[in-house]
Amino acid sequence: MLNTLLFAVLPYVAVVLFLLVSIHRYRKEPFTFSSLSSQFLESRQLFWGSVPFHIGLVLLFFGHLIGFLFPSQVTMWNGVPVRLFILEASGLIAGLLTLVGLVGLIVRRLGSARLRINTSSTDIGVYLVLMVQIVTGLWIALGYRWGSAWYTHTAVPYLWSVARFAPEIERVVELPLVARIHIVGAWTFVGLFSFTRLVHLLVAPVPYLWRPVQLVIWNRERRHRRPGN
46 MLNTLLFAVL
56 PYVAVVLFLL
66 VSIHRYRKEP
76 FTFSSLSSQF
86 LESRQLFWGS
96 VPFHIGLVLL
106 FFGHLIGFLF
116 PSQVTMWNGV
126 PVRLFILEAS
136 GLIAGLLTLV
146 GLVGLIVRRL
156 GSARLRINTS
166 STDIGVYLVL
176 MVQIVTGLWI
186 ALGYRWGSAW
196 YTHTAVPYLW
206 SVARFAPEIE
216 RVVELPLVAR
226 IHIVGAWTFV
236 GLFSFTRLVH
246 LLVAPVPYLW
256 RPVQLVIWNR
266 ERRHRRPGN
């Protein structure tokens, strides 16, 4: 029953939440589709956290996506040991980049009183889920070698079965515990994603090309006062 809930029910709940909340926020609250950046407070600290985090996260996403869409081609690529090593090393580097960036963002947020005030419970939740995902992913990469090879033979068929609305959970329930935690964490992240600041990853800054000009007025004391004031 637990396996059914985690690997057959949770995926659909997560995807429905992802779609409905993303569409609602984009249509009804378009200006929340941003990271609510505070880089004007700490540009240097934000750079060393945000840049490696985003680069690593995007690389990991597309790495998993390519394996999902083209499993046969990935299997053929991995048939040559050198190419398998390159792919594994690239995934490990991307995971380490994401970890370094996430730790930097967490340290930055904890070290600023102004940022702590603006940190919601959802932010804390997504930080925890991301940390679990990165740590378990690195654990798999280092403890269960050649993950890109067996990923295409276990997780990918399971994911396609979910897409066909006929989940074949037997493909993943026998995986090592850390791999199962990684899969459950992935679905949890999908469900939480649209409630967080990370939704800005869904849209390119194209709308800025036609968005009306906005006038920003700062409230500050005038430097030159009129006589008598």
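The numbering of the sequence shown is our numbering, which starts it at 46 and goes up by one.
We put the beta carbon where it would ideally sit given N, CA and C, even for glycine.
Whole-angstrom distance between residue j and residue i, CA atom to CA atom
i	j	result
I226	L51	10 Å
A208	I151	34 Å
V103	V235	15 Å
Neighbourhood of residue i by C-beta distance below 6 Å, restricted to the same chain and skipping five residues each side
i	result
P116	T197 and V201
L144	I179
W232	L55, P56 and A59
Assigned secondary structure, residue i (DSSP; H/G/I helix, E/B strand, else coil)
i	result
F63	helix
G188	helix
N48	helix
F98	helix
P221	coil
P212	coil
G156	coil
V235	helix
Sequence-distant residues of its chain with Cβ nearer than 8 Å to residue i (five each side left out)
i	result
L147	G94, F98, Y172, L175, M176 and I179
G192	E133, G136, I185 and A186
P212	F52, A53, P56, Y203 and S206
Neighbourhood of residue i by C-beta distance below 7 Å, restricted to the same chain and skipping five residues each side
i	result
F240	V66 and T167
I100	L142
L62	G236 and S239
P221	Y189
T164	R154
Any non-hydrogen atom of the ligand MG within 6 Å of residue i CB
i	result
S193	Looking for the ligand MG in the displayed structure turns up nothing, as the structure carries no ligands at all.
Closer than 7 Å to chain B by CB, residue i
i	result
G140	The structure shown has no chain B; it contains just one protein chain.
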